[in-house]
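In the numbering used here, each number is its position in the sequence shown, counted from 1, plus 237.
Remarks on the structure that follows.
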Amino acid sequence: METSEQARERDDTGQVGPDRRQVLKTGLTAATGAVVAGEAAAQARRPEDLFLPEEEWRARMTAPDDGKRYGWVVDTRRCFGCHGCEVACKAENDIPLGNYIRQTFYHDHECDSGSGVARIMVPMACQHCEDAPCIKACPCGSLHKGPGGSVQVNYDTCSGHSACKEVCPYGAIYIDPVANQAIKCHNCTHRLEVGLEPPCASTCPSEALYFGDLNDPESPVSKISALLEIENPSGKLATLREEKGTKPRMRFVVDDEHTMEAWEPKIPREGESYAPEAYDVYGWGEPGWEEESR
Ligand code: SF4
238 METSEQARER DDTGQVGPDR RQVLKTGLTA ATGAVVAGEA AAQARRPEDL
288 FLPEEEWRAR MTAPDDGKRY GWVVDTRRCF GCHGCEVACK AENDIPLGNY
338 IRQTFYHDHE CDSGSGVARI MVPMACQHCE DAPCIKACPC GSLHKGPGGS
388 VQVNYDTCSG HSACKEVCPY GAIYIDPVAN QAIKCHNCTH RLEVGLEPPC
438 ASTCPSEALY FGDLNDPESP VSKISALLEI ENPSGKLATL REEKGTKPRM
488 RFVVDDEHTM EAWEPKIPRE GESYAPEAYD VYGWGEPGWE EESR
């Protein structure tokens, strides 16, 4: 006589099948194994594994011979987080809501003096690396050095492989979901061509962003670099994640109250992009926040 256990095991055709719980258990074990194996493979894959052979990117890593070397200085002591640079960037480059090629990060820390909590604001964008990983990984040959060494995308050929995003150590690229192309800071070369600065630099009301030709001693970026090194030795110039070997063309002014070690963990990494969550402004209004901040 058929047991109730066998009845439960009967399949849709009326046949008594194998132990389904056993099938499910076996399938679950296999699926779990596949997930673990996938995670292990992803962990084992290094950004360098996506780099193409050198002959495929060497020419694109060479900037036009225009005698210029564009670079940036970001003074984290002066930025007060107005986000004006981001608004100017979005307006200039038609960056849609929820996407960014420039973003201001922040880090709260206790003051050494014990006088309360201070906030460091850090305006961030593409570092225009001299040894740019995004160029090395681009399979369609779109990422390249433009005027003054600006790292740019050729939109006639970019097909949104996102390898550039996977290898950028600073999360400075996003893939536009509509155009399916890589979007990043390009130093607003269209403005440079007519003698204008990138709008983020000219908009900054606190004079925290300096851009220009590092080969020109009269450019804003050269002047502030000289000033910091000679007249203000307390403000040091540091490069972000120097251990990546990318030789960034963006340097940050840091001092004992604005250390790079404090805010560096907040900056996106390989495979990431700037995201709206970085603002986390709603946390500013947690219960008791206003009282504590007085
Ligand atoms: Fe490329 Fe990222 Fe370096 Fe910019 S910061 S040049 S996107 S690797």
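The beta-carbon is built from N, C-alpha and C at its ideal position, and this holds for glycine as well.
Source: prediction; values computed, not measured.
Taken from the Cβ of Ala416, every heavy atom of the ligand SF4 lies 7 angstroms or farther away.
With contacts defined by Cβ atoms closer than 8 angstroms, Cys422 and Ile338 form a contacting pair. In the three-state reduction of the DSSP assignment, Glu329 falls in the helix class, which pools H, G and I. Distances from the alpha-carbon of Ser462 to those of Arg488, Ser387 and Ala438 put Arg488 closest. For the options Ser443, Cys395 and Pro406, the alpha carbon positioned closest to that of Thr476 is the one of Pro406. Exclusion of the five residues before and after Ala300 leaves Lys382 and Gly386 as the residues of its chain whose Cβ lies within less than 6 angstroms of its Cβ. Contact between Val458 and Val310 holds, since their C-beta atoms are separated by about 5 angstroms, short of 8 angstroms. In this chain, the alpha helix (DSSP H) harbouring Leu429 covers Thr426 to Leu429.
Every residue whose Cβ sits closer than 6 angstroms to any heavy atom of the ligand SF4 is listed here in chain order: Cys363, Gln364, His365, Cys366, Ala369, Pro370, Cys371, Val388, Cys405, Tyr407, Ala409, Ile410, Lys421 and Thr483. Residue Cys326 holds the alpha-carbon nearest to the alpha-carbon of Cys441 among Arg306, Gly304 and Cys326. In terms of CA proximity to Glu403, Ala419 leads the group Trp500, Val388, Thr394 and Ala419. Following the DSSP letters along the chain, one finds Trp294 in no alpha helix (DSSP H), marked with neither H nor E. Under a 10 Å Cβ-count criterion, Thr394 is classified as exposed, with fewer than 16 other Cβ atoms of the shown protein chains found around its own Cβ.
Here DSSP, grouped into helix, strand and coil, assigns Glu466 to helix. Scanning the segment 341-423 from its first residue to its last, the whole beta strand (DSSP E) runs of 3-plus residues come out as 354-362, 380-382, 388-390, 411-413 and 418-420. In this structure Ala499 does not touch Phe342 by the C-beta definition: roughly 11 angstroms separates them, more than the 8 angstroms allowed.
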